[in-house]
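A short write-up of the structure that comes next.
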Amino acid sequence: MNTSAIQLAKTERMQFTQVEFLLLFALLLLVVWRTGNRVVRNSLLLGFSYYFYAYWDWRFCGLLLMSTAIDFTVARAIAASPSASARRRWLILSLTANLGVLGFFKYFNFFVDSARPLVESLGMNAGTLEIVLPVGISFYTFQTLSYTMDVYRGRLKPTDSLLEFALFVSFFPQLVAGPIVRAAELLPQLSRMPEWSPRRFYGGFQTALRGLVKKVLIADRLGEMVDVVFAEPDMYSGGTVWLAVLAYAGQIYYDFSGYSDIAIGVAKMLGYRFPANFRHPYLAKSVSEFWRRWHMTLSRWLRDYVYISLGGNQRGPSRTYVNLMLTMLLGGLWHGAAWTFVVWGLLHGVALAIERAARGKIQIGVLGRILTLAVIVVGWIFFRCSSFEMCGQVLHRLTFPSGGLNWFPPLALAAIGLMVADHVAWSTRLRRAMRMRFDRWYSPIATAIMIWSLILYAPRSFQPFVYFQF
Amino acid sequence: MVSRLDVIRWLVGLSIGTCLIAVTSPLFVRSYVPREVDSLRKVAVLQPGSTYRWRREGYATTAIGPHGMFGVDSVESNATLTLALWGDSQAEGACVADHEKIATMVKRLGDGSLHVLSFARSGDDCNDWIAQIPRVESAIGIDAHVFLVSEFSDWQVDVAEPNEHVDERLNGVSRFLPDFVVQAARNVVVTGNGDTRRVLRFRPGPMPSHDSLQASNETDAETDSLDAIRANVERVRDSTTKHCLFVLATEPPDVATGGGELSNDSRTARAFGGQQEGLGRLDLIDLTSTLQSSPRASRGFQNGQLGVGHLNAQGNRIIAQGVVEHFRDTVGKD
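These protein sequences, in sequence, are chains A and B.
Each residue of the first sequence is one higher than the one before, starting from -5 at the first, in this note's numbering.
Each residue of the second sequence is one higher than the one before, starting from 55 at the first, in this note's numbering.
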C-alpha cells in the first residue's frame, strides 16, 4: 500500500447540528431528569456516550474502552505504590500506551512520509498504511493522560468508580472535540446527583443555541467562500484572498467556539459545568493573551503538562524560550500530522518567545494588537493550507498587488462584520445583554429569530466541524 | 418558578420575533407559487402572470409569462426566427433577472431577429421535452429548437411518458401559507439540494461504501450512456423536422475541491457527436467552465459559491452569443 494520508472513515459521525442528535438528546433529557438514582443516570449517560461514538464506527469503541481501562488501573496502581520509582513506572506505562495509540493512528504515516527521502536514499521501500484516524482520539487521550498525571503529581485522588471514570472519558458533549475537561472538574460532578435548576437549564439552552448560530449561520457561511478561494488561490485577486483569509479567521473561531458553546450548553442542560474554552480571542493585545483566550482548555493543558514539565521559566531565559517553542511546536503537531501545523506552532512559539524577551522593555500599545493579529492571521494561513506551495501562493497574493477574479460575497462580508461587532460588543457593557437572561424583554424575541434563522438560513451543504479532523 | 408575567412576556416576544422574520423573509426566502397544467404544453407550470422570487443562489424575481415561460412576456413577435429553448434549471434561469436570461439575451444580441420561447423547467429531462415538441411546434410555429445540455443524465433516461399532475394540496400550501413557513417545513423534511427526502439514521456506523464498485463500472457506464444519449437524440429527430441545436455547457468540476479536470459529464459531452443531419452542436464547455475564461466567472453568484452551480448572467451571455452566431451562420447559409 502506498497511501500517504491518514483517511477518515466514510460514515458521518453524530453531529450536534443533526436532527437525529436533537431528537435523541431531547429523549435523553426527559429520561435522565426523571431518574432519581445517580448510578442509573450515569449508566444512561455512559450508554448514550458510547452510542454517540459508535454512530461513527462501533469498532473504535474498543480504543475508548482500552484507554479507560488502562488509566483507571494505572491511576489506582500509582496511588497504591509505595515508592516513587514504582509510581514513575506506572506513569510511563500509561504514557506509552496512550501516546503509542495516538502516535500510531495519527502520526505513523506522517513520520514515514517525512523519513521517506532518507529511507529511499538507502535503497529501502518506505510503505505507508491505510489508517483510519479515530474520531476525537487527540481529545480523549489528553483528557485521560491529565487524570493519570494529576494522580501521579498527588493533585488528585484516583476514583474508585469505574462507571464514573468511564463516563468522564467518554462523556459525549466533550468526547470528539473538547473542551478538554480535567478529571478534577468533572469527576466530582459525576459522583453526586445534579440538582434540577430551570435557570441553569435555560442558560444551557441559550449557550447551545448561540453555539448553533455561530456554527451554522456564521462559520459555515464563511466556509463556503474559504473553501473555494483556498482551492485555487492563484485565480483570485489580492483583495479577494485577503477577504478569504479574514473569513477563515472567522470560520475557525466561530466553528470551534460554536462547538464548544454547544458542548458546554448541552452539558449544562444535563446538570454539569464545563470550563470555558474561548473568550473573544481576537481582542488579545499579545500572542500570550491570545492563548489565554483561544482554546483555553488546550492552552492550560499544554502549560501544565508540557511547558511546566519541561521546566517552564525556572531554568533561565534561554531555556524558557526553548520550552515555549517546544510546547507550541507540540501544540501545532497535536492539531494535525503535517509540517504546516508544525510551522504554525513554531510561529506562535517564536512570537511568544519574542514577547517574553521584550516584556517590560518595549511598550507598543495599539501596535501590539496589530502585530498580534498579524501573527494570528499569518498563522491561520499555515493552518488552513494543505501544502507549503499553497501557503506561498496565498502569502504572495496577500503581499503583492495581483489581478484575478474579484469576489466579495455579501454573506461573507456580513459575517466578518458580525464578528467585528461581536468582539466590540463583548468588550463593552453589551456583554451582559448577550447572556440572554430569561427575564429580559429581548430574550424571547432574539430566541425566536435565532431558531427561525437556523431552520431557514442554514447552508444547504453540510459542513462538519473543523476541529473534528484533529 | 416561571411566573405568569414571564409566560406572557415569552409568548409575546416569540410572536414578535416570528413577525420580524416574516417581514424580512422576502429579502432572503424564495417564493412558492401555485402550479397549473398548461393546456398547450400539457405540463405543470407556475401560474402565468405571477412572479417568482429566487434568493438562495443569485437574487432575482422572474415574471411568469404565457404557458409558464420564465421571463418571456409574449409568444408573438416580428423576429425572423422563433426558437424553442429546452433545458433544466440552467436554461430556466430563475437565479438571474429577466433581462439576463438566455431568451432575453439572445433576442438582444440578435438585434431582434431571433425570438426565443423558453420551455425549460427545473428538473426536466429529454422525455419531458420530446413530449412537448410536437404540441408547441404546431400551435406556436417554432422554426428551430435549442437544447441546453447541462447534465447528460437528462439524456440518459429510459423512454417514459411524463406523468404530469398538479398536487392540489401543495398548491393550497403555496397559496395560503407564508413562504417562510413553507421553506422552513421544506428544510426540515428534505435535505441536500432540496430534492432528497431526509432519511434519519440511528444505526451505528460504519456504513458500507460503494466507491470501489462505482470505479470498476465507470468505463462500461460511459459506453452505455453514449448509446442511451444517441437513442434519445434519435427520438428528438423523429419528433421534429426543424433544425435542432445542442448547446453543450456541462458543469465544471467542483472548484471547491480544486479539481481542474473535465467532469464525467463533460467527457461524455465531448464524446457525443451530435453531427447527424439537421442537428447542430455548439461546444461551450470550456467557455462556461473555467473561471479564467473571463474576468467574471460564468457560474455561481456572489451570494453562493463563485464558479460553482448555476449559470449566471455572464454564463448566459456566452450561451446567448453562441446561439446568435450559430443561427446567423445557419440563416446566412440558407
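Glycine residues also receive a C-beta, built at the ideal position from the N, C-alpha and C atoms.
Annotation for Cys298(B): the continuous beta strand (DSSP E) segment containing it runs His297 to Leu302. Uninterrupted alpha helix (DSSP H) stretches at least 4 residues long and entirely within the segment 55 to 124 of chain A occur at 55 to 74, 78 to 96 and 102 to 115, given in chain order.
Contact between Asn370(B) and Val150(B) holds, with the beta-carbon distance rounding to 6 Å and staying under 8 Å. Between Phe284(A) and Val337(A), the C-beta gap is not smaller than 9 Å, which leaves the two residues out of contact.
DSSP places His390(A) in the helix class (H, G or I) of the three-state scheme.
Arg313(A): member of the alpha helix (DSSP H) spanning Pro311 to His329, first to last residue. Along the segment 409 to 443 of chain A, the positions whose C-beta sits under 8 Å from a C-beta of chain B are Phe432, Asp433, Trp435, Tyr436, Ser437, Pro438, Ile439, Ala440, Thr441, Ala442 and Ile443, read in chain order. The bridge partners DSSP lists for His199(B) are Ala138(B) and Cys298(B). In this structure, DSSP gives Val220(B) a state outside helix and strand, which the three-state scheme calls coil.
For the segment 125 to 189 of chain B, the continuous alpha helix (DSSP H) assignments of 4+ residues that do not extend past its boundaries occur at 143 to 146 and 156 to 163, in sequence order. For Phe402(A), the nearest beta carbon of chain B is closer than 9 Å to its own beta carbon. In the structure shown, the three-state DSSP call for Trp209(B) is helix. The contact set of Glu14(A) on chain B, defined by CB atoms closer than 9 Å, consists of Leu254, Arg255 and Phe256 in chain order. Its chain contains Val87, Val99, Leu100, Gln101, Pro102, Gly103, Ser104, Thr105, Tyr106 and Phe124 as the residues whose beta carbon lies nearer than 8 Å to that of Ile118(B), once the 5 sequence neighbours on both sides are disregarded; these appear in chain order. When DSSP states are grouped into helix, strand and coil, Trp435(A) belongs to the coil group. Ile75, Ser79, Phe82 and Val83: these are the residues of the segment 75 to 91 of chain B whose beta carbon lies less than 8 Å from some beta carbon of chain A, given in chain order.
Annotated three-state conformation of Asp154(A) is coil, per DSSP. Its Cα nearest to that of Leu202(B), the residue Asp179(B) stands out among Ala193(B), Asp179(B) and Val61(B). Relative to the Cα of Ser282(A), the nearest Cα in the group Arg309(A), Gly232(A) and Leu367(A) belongs to Leu367(A). What Leu405(A) touches in chain B, judged by beta-carbon distance under 8 Å, is Asn357, going in chain order. The Cβ neighbour count for Trp108(B), taken over all protein chains shown within 10 Å, is at least 16; the residue is labelled buried. Contact note: Leu450(A) reaches chain B through Ile75, Ser79, Phe82, Val83, Phe234, Gln237, Ala238 and Asn241, using a C-beta cutoff of 8 Å and chain order.
One alpha carbon belongs to Leu93(A), the other to Thr135(A), and they sit about 8 Å apart.
Excluding its 5 nearest sequence neighbours in each direction, Met319(A) has C-beta neighbours in its own chain below 7 Å: Leu340, Gly343, Val344 and Ala347, listed in chain order. Contacts with chain B at 9 Å (Cβ-Cβ) include Ala48(A). Judged by DSSP in its simplified three-state form, Ala367(B) adopts helix.
Here DSSP, grouped into helix, strand and coil, assigns Ala285(B) to helix. Going by beta carbons, Leu365(B) and Arg353(B) fall inside the 9 Å limit.
In the DSSP annotation of this structure, Asp337(B) is not part of any alpha helix (DSSP H); the continuous beta strand (DSSP E) holding it starts and ends at Leu333 to Asp337. Bridge pairing for Ile118(B): Phe124(B) [DSSP].
Chain-ordered listing is empty here: chain B has no CB closer than 8 Å to the CB of Tyr134(A), the nearest sitting near 18 Å. Taking the CA atoms as reference points, Ala243(A) sits about 8 Å from Ile370(A). From the beta-carbon of Gly67(B), the residues of chain A found nearer than 9 Å are Trp435, Tyr436, Ser437, Pro438, Ile439, Ala440, Thr441 and Ala442. Leu100(B) is bridged by DSSP to Arg89(B). In terms of Cα proximity to Leu156(A), the closest of Trp288(A), Ser37(A) and Ser115(A) is Ser37(A).
Per DSSP, the continuous beta strand (DSSP E) segment holding Thr105(B) begins and ends at Thr105 to Trp108.
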